[in-house]
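Peer 1:
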Amino acid sequence: MATSRKLTPDGTSDKLFDACAAEKKITDGLAAVFEEAGYRQVRTPGLEFLSVFASSASYFPPEEMYKLSDNKGRLVAVRPDSTIAIARLTATKLKGAALPLRIYYAQSVYRRQPEHRGRDSEVMQMGVELIGEAGFSADVDMVGLAIRSLSAVYGGRFRIEIGHVGLYKKLMERLGAGAETQGRIYRYVTSKNYSALEDVLVDAGDRETAGLLLRLPGLFGGAEALGEAAALFDGYDEDITEMLGYLARVMDALAARGYADSVMIDLGLVNQAEYYSSLVFKGYGESAGEPLLSGGRYDELFCDFGERMPATGFGMNIDLLAEVHLCCPFFHYPIERAEKRQAPLGGEGAGAGAATDGAARILGGDAYVGGLGGGGLENNGKYARPLRVALTKGRLEKDFMALMEASGYDMDPLRGKGRKLLIGIPGPGGAEDGALEIFLAKAPDVVTYVEQGVCEIGIVGKDTLLEHGGTYYEILDMGLGKCRFALAAPSGGPVAGGAAPRAVASKYPQYAGRYFERLGLDVNIIRIDGSVEIAPLLGLADSIVDIVETGTTLRENGLEVVRYIRDISARLIVNVTGMKLRKAEVEALASRLAEGRG
Ligand code: PRP
-17 MATSRKLTPD GTSDKLFDAC AAEKKITDGL AAVFEEAGYR QVRTPGLEFL SVFASSASYF
43 PPEEMYKLSD NKGRLVAVRP DSTIAIARLT ATKLKGAALP LRIYYAQSVY RRQPEHRGRD
103 SEVMQMGVEL IGEAGFSADV DMVGLAIRSL SAVYGGRFRI EIGHVGLYKK LMERLGAGAE
163 TQGRIYRYVT SKNYSALEDV LVDAGDRETA GLLLRLPGLF GGAEALGEAA ALFDGYDEDI
223 TEMLGYLARV MDALAARGYA DSVMIDLGLV NQAEYYSSLV FKGYGESAGE PLLSGGRYDE
283 LFCDFGERMP ATGFGMNIDL LAEVHLCCPF FHYPIERAEK RQAPLGGEGA GAGAATDGAA
343 RILGGDAYVG GLGGGGLENN GKYARPLRVA LTKGRLEKDF MALMEASGYD MDPLRGKGRK
403 LLIGIPGPGG AEDGALEIFL AKAPDVVTYV EQGVCEIGIV GKDTLLEHGG TYYEILDMGL
463 GKCRFALAAP SGGPVAGGAA PRAVASKYPQ YAGRYFERLG LDVNIIRIDG SVEIAPLLGL
523 ADSIVDIVET GTTLRENGLE VVRYIRDISA RLIVNVTGMK LRKAEVEALA SRLAEGRG
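Residue 321 in the numbering used here sits at position 339 of the sequence shown, with consecutive numbering throughout.
1. When every heavy atom of the ligand PRP is checked, does at least one fall within less than 7 Å of the C-beta of Lys489?
2. Quick test of the definition: if touching needs 3 or more C-beta pairs under 8 Å, does the stretch 290 to 307 touch the stretch 148 to 167?
3. Please state whether DSSP places Cys437 in a helix, a strand or coil.
4. For Val556, which option in Ile113, Ala372, Arg25, Gly521 has the closest C-alpha, if you only look at C-alpha atoms?
5. Can you list, in chain order, the stretches of the alpha helix (DSSP H) that have 4 or more residues and sit fully within the stretch 214 to 302?
6. Alpha carbon to alpha carbon, what distance is there between Pro199 and Thr65?
7. Contact criterion: CB-CB distance below 8 Å. Does Met233 meet it with respect to chain C?
8. Label Cys2 either buried or exposed according to how many other C-beta atoms from any shown protein chain fall within 10 Å of its C-beta, with 16 as the threshold for buried.
9. Which residues bound the alpha helix (DSSP H) around Met47?
10. With the cut-off set at 8 Å, would you say Val262 and Arg141 are in Cβ contact?
11. Taking the C-alpha atoms as reference points, what is the distance between Asp445 and Val232?
12. Nearest-angstrom Cα distance between Tyr48 and Val182?
13. So which residues put a beta carbon under 7 Å from any heavy atom of the ligand PRP, going in chain order?
14. Ala468 to Ile129, Cα distance in whole Å?
15. Among Thr430, Leu541, Arg367, whose alpha-carbon lies nearest the alpha-carbon of Ala470?
16. Report buried or exposed for Ala334, applying the criterion of at least 16 other Cβ atoms within 10 angstroms of its Cβ.
17. Is the Cβ-Cβ distance between Ile441 and Ala552 less than 8 Å?
18. How far does the beta strand (DSSP E) with Leu149 in it reach, from first residue to last?
19. Please look up how many angstroms separate the CB atoms of Arg121 and Arg279, rounded, as I've assumed it's under 8 Å.
20. Do the CB positions of Ile507 and Gly495 come within less than 8 Å of each other?
21. Using CA coordinates, which residue listed in Leu195, Lys7, Tyr170, Asp392 is at the minimum distance from Gly158?
22. For the beta strand (DSSP E) that contains Arg166, what are its first and last residues?
23. With a cut-off of 8 Å, do at least 3 Cβ pairs link the stretch 383 to 400 to the stretch 569 to 580?
24. Could you check the C-alpha separation between Ile526 and Ala485 for me, to the nearest Å?
25. Using 8 Å as the threshold, is the stretch 72 to 85 in touch with the stretch 108 to 120, meaning 3 or more CB pairs across them?
26. If contact is defined by three or more beta carbon pairs under 8 Å, each pair taking one atom from either stretch, is the stretch 425 to 432 in contact with the stretch 510 to 517?
27. Return helix, strand or coil for Asp528, following the three-state DSSP convention.
28. Look up Ser90 in the DSSP assignment and say whether it is helix, strand or coil.
29. Which residue comes first and which comes last in the alpha helix (DSSP H) that contains Tyr493?
30. Gly193 to Tyr168, Cα distance in whole Å?
31. Gly406 lies in the beta strand (DSSP E); which residues open and close that run?
32. Inspect the beta-carbon positions of Asp549 and Val477 and report whether they are closer than 8 Å.
33. In or out: Pro44 buried (at least 16 other Cβ within 10 Å) or exposed?
34. Which residue's Cα is closest to the Cα of Val34: Lys7, Glu155, Thr72, Lys54?
35. Just to confirm my understanding: we take Gly288, look at its own chain, exclude 5 residues before and 5 after, and list those with CB closer than 7 Å. What are they?
Structure below.
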């Protein structure tokens, strides 16, 4: 019997009883919120013609879509997105219907995910679309509905972040990069792969714009983030100044509705920039490493279907919500509360009251029943466990311990850890405040742990970040583990003499590939996982791209540096949600380390 008969494809899974029950509670809870706000349900087919998703405005990387052919041999895609399908439906079946249309959906989307990154290819989503209403108050109402929806089904602390995709678009316009480079920049910005982004922008002619693009991801927080952005963009572009003013007004209006504690600014948000046009937002919750909710205004999308209609909406990741619901028992609380709720939510005003009530109780923490394994809050509203740090094993370990000691931490528990894997470190001077949990991991695993949100912080070399990319904030150059990326080749050989390399061995095939692509050289990259210096000696390659620290390994193996490519050092990276929800703790640690570094 074929083994595959007993398996499900990568990125898919069977959902058993508890998972289905949790999903039902959440979808029922959300349907009640959506219907009370006047939204009605539709369902679009699981298969659509590929052209629905492949037009210029509704960009999806073709490699992410599952494609097959219908009975007439025409190409169809397994639904990768619901908003585009609903735009098609509105422009056809609902053409001429009275506006605005309030539509909601509950259906799965399917997107191929990179292998072994722990992401699902099939995701159950539920969301709303408000079609035919433009303007400020529709934008504010939509963010308000997002907050009420999360309040109804998510018991933990959450934040909605708002941004303006126009900033990114404007910067790209000013940068004037070619289509291929633009595609790469977009990919790196959407995946928050800032190491690779930095790499692409190295050659950008407009240094000011390249610098501003790199600053975008760091511009998040409260009103101060808008102030910082206003100063940064002052005199750069009037449209951007206007966009920042718009965001300030949205923040004020949300604060006036009692949502001040639930919203933040994030100017690095670009969502799916190809179809979002202005305001965008995402919802993050504690205990969930990935966004729970994502949405924004997409006024241009309908042009693809021959219509002009303003629209805004959001989608929620039901699988993720159900997962959190199952692993954190107290998360049942808000759903049960929503079920018992006497007064209907009604319009925005009534909803705001109910959400504020829910948010106040959640943020105040009095609803919580104790510490949570997964990183929840204790009764007093503090996190149940200290910040968790993944430290790269090997070379960095010793240097990192010395830096921690210089920053006031007692690292003896890590030194004497024996076979224990997760080590508690008290705060500076033995205090409870600033305590950490540290574990050791291989460099690429540090990135995976941080991306997935099982730890907030990673200490890892820039070489690994450049090679593996990923979604995280890189907030501190720790000044440790300094070395350089270099192209090296046998002394006296053709490459050392100036010939273009043809076959390059490297532990960093992605990075090396990008480097030669930038130079316009067609090079065969051979991936080697260690002791790469031996490859030219054995004739496997004519050169290597590797890190060089003292240069001893090269010298002892008859190789020499042909060209230094870039400096490398250890960085402190932070999970995206962790950075948003535990900003003060993360920043306190970073500034202690920066001080210790001197
Ligand atoms: C790195 C690198 C070089 C060596 C350079 O390897 O890949 O081999 O260090 O250091 P040097 O310039 O001071 O001689 P690492 O020690 O990490 O081992 P590996 O090759 O087994 O990965």
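Every residue gets a Cβ at the ideal spot worked out from N, C-alpha and C, and that includes glycine.
Peer 2: Looking at the atomic coordinates:
1. In the sequence shown, the residue the question calls residue 489 occupies position 507. Of the heavy atoms belonging to the ligand PRP, at least one sits nearer than 7 Å to the Cβ of Lys489.
2. Fewer than three Cβ pairs drawn from the stretch 290 to 307 and the stretch 148 to 167 lie within less than 8 Å of each other, which leaves the two stretches out of contact.
3. Counting from one through the sequence shown, the residue named residue 437 turns up at place 455. It is coil, neither helix nor strand.
4. Counting from 1 along the sequence shown, the entry for residue 556 is found at position 574. Comparing Cα-Cα distances from Val556 to each of Ile113, Ala372, Arg25, Gly521, the minimum goes to Ala372.
5. Taking only runs of at least 4 residues, the alpha helix (DSSP H) segments lying wholly in the stretch 214 to 302 are 220 to 238.
6. Along the sequence shown, read from residue 1 onward, the residue named residue 65 stands at position 83. Along the sequence shown, read from residue 1 onward, the residue named residue 199 stands at position 217. Roughly 26 Å separates the two Cα atoms.
7. Protein chains in the displayed structure number just one, and chain C is not present.
8. The residue labelled residue 2 in the question sits at position 20 within the sequence shown. By the 10 Å Cβ count, Cys2 comes out exposed.
9. Reading the sequence shown from its first residue, position 65 is the one you call residue 47. That residue, Met47, is in no alpha helix (DSSP H); it is neither H nor E in DSSP.
10. The residue you call residue 262 lines up with position 280 of the sequence shown. The residue you call residue 141 lines up with position 159 of the sequence shown. With contacts defined by Cβ atoms closer than 8 Å, Val262 and Arg141 do not form a contacting pair.
11. Your numbering for residue 445 matches position 463 in the sequence shown. Your numbering for residue 232 matches position 250 in the sequence shown. For Asp445 and Val232, the distance between alpha carbons rounds to 40 Å.
12. Translated into the one-based positions of the sequence shown, residue 48 becomes position 66. Translated into the one-based positions of the sequence shown, residue 182 becomes position 200. Straight-line spacing of the CA atoms in Tyr48 and Val182 works out to 29 Å.
13. Ordered along the chain, the selected set is Gly376, Arg377, Cys465, Lys489, Gly512, Ser513, Val514, Glu515, Asp528, Ile529, Val530, Glu531, Thr532, Gly533, Thr534, Thr535, Leu536.
14. Within the sequence shown, numbered from 1, the residue matching residue 468 stands at position 486. Within the sequence shown, numbered from 1, the residue matching residue 129 stands at position 147. Spanning the alpha carbons of Ala468 and Ile129 requires a straight line of approximately 49 Å.
15. The sequence position of residue 470 within the sequence shown is 488, counting from 1. Out of Thr430, Leu541, Arg367, Leu541 has the C-alpha closest to the C-alpha of Ala470.
16. Within the sequence shown, residue 334 is the residue found at index 352, counting from 1. With a pLDDT of 32 at Ala334, under the threshold of 50, the modelled position of that residue is not reliable, and the figure given next carries that caveat. The residue is buried, with at least 16 neighbouring Cβ atoms inside 10 Å.
17. Sequence index remark: in the sequence shown, residue 441 carries index 459 (1-based). Sequence index remark: in the sequence shown, residue 552 carries index 570 (1-based). The answer is yes: Cβ separation under 8 Å.
18. Taking the first residue of the sequence shown as position 1, residue 149 is located at position 167. Going by DSSP, Leu149 is part of no beta strand (DSSP E) but of the alpha helix (DSSP H) stretching over 147 to 157.
19. Here residue 121 corresponds to residue number 139 of the sequence shown, with the count starting at 1. Here residue 279 corresponds to residue number 297 of the sequence shown, with the count starting at 1. According to the sequence shown, residue 121 is Asp rather than Arg. About 6 Å; that satisfies the 8 Å criterion.
20. Locating residue 507 in the sequence shown gives position 525, where the first residue counts as 1. Locating residue 495 in the sequence shown gives position 513, where the first residue counts as 1. A contact, by the Cβ cut-off of 8 Å.
21. Position 176 of the sequence shown holds residue 158. Selection Leu195, Lys7, Tyr170, Asp392 evaluated against Gly158 yields Leu195 as nearest (Cα-Cα).
22. Numbered from 1 along the sequence shown, position 184 holds the residue referred to as residue 166. Looking at the DSSP string, Arg166 is not in any beta strand (DSSP E); the run it does join, the alpha helix (DSSP H), is 161 to 172.
23. Enough Cβ pairs lie closer than 8 Å, so yes.
24. By 1-based counting over the sequence shown, the position of residue 526 is 544. By 1-based counting over the sequence shown, the position of residue 485 is 503. The alpha-carbon atoms of Ile526 and Ala485 are separated by roughly 8 Å.
25. Taking one beta carbon from each stretch, the stretch 72 to 85 and the stretch 108 to 120 have 3 or more pairs nearer than 8 Å; the two touch.
26. These segments do not touch.
27. The residue labelled residue 528 in the question sits at position 546 within the sequence shown. Judged by DSSP in its simplified three-state form, Asp528 adopts strand.
28. Here the question's residue 90 lines up with position 108 in the sequence shown. Taken through DSSP and simplified to helix, strand or coil, Ser90 comes out as strand.
29. Working through the sequence shown from its first residue, we reach residue 493 at position 511. From DSSP, the alpha helix (DSSP H) with Tyr493 extends over 491 to 501.
30. Numbered from 1 along the sequence shown, position 211 holds the residue referred to as residue 193. Numbered from 1 along the sequence shown, position 186 holds the residue referred to as residue 168. Near 15 Å, if we compare the C-alpha coordinates of Tyr168 and Gly193.
31. On the sequence shown, residue 406 is found 424 positions in, with the first residue counted as 1. In the DSSP assignment, Gly406 falls within the unbroken beta strand (DSSP E) covering 405 to 407.
32. To locate residue 549, count along the sequence shown from 1; it is residue 567. To locate residue 477, count along the sequence shown from 1; it is residue 495. It is not a contact, given that the beta carbons lie outside the stated cut-off.
33. For the purposes of this step, residue 44 is identified with residue 62 of the sequence shown, where counting begins at 1. Only exposed fits Pro44, as fewer than 16 other CB atoms lie within 10 angstroms of its CB.
34. Translated into the one-based positions of the sequence shown, residue 34 becomes position 52. The shortest C-alpha separation from Val34 is found at Thr72.
35. To locate residue 288, count along the sequence shown from 1; it is residue 306. Hits under 7 Å: Ala73.
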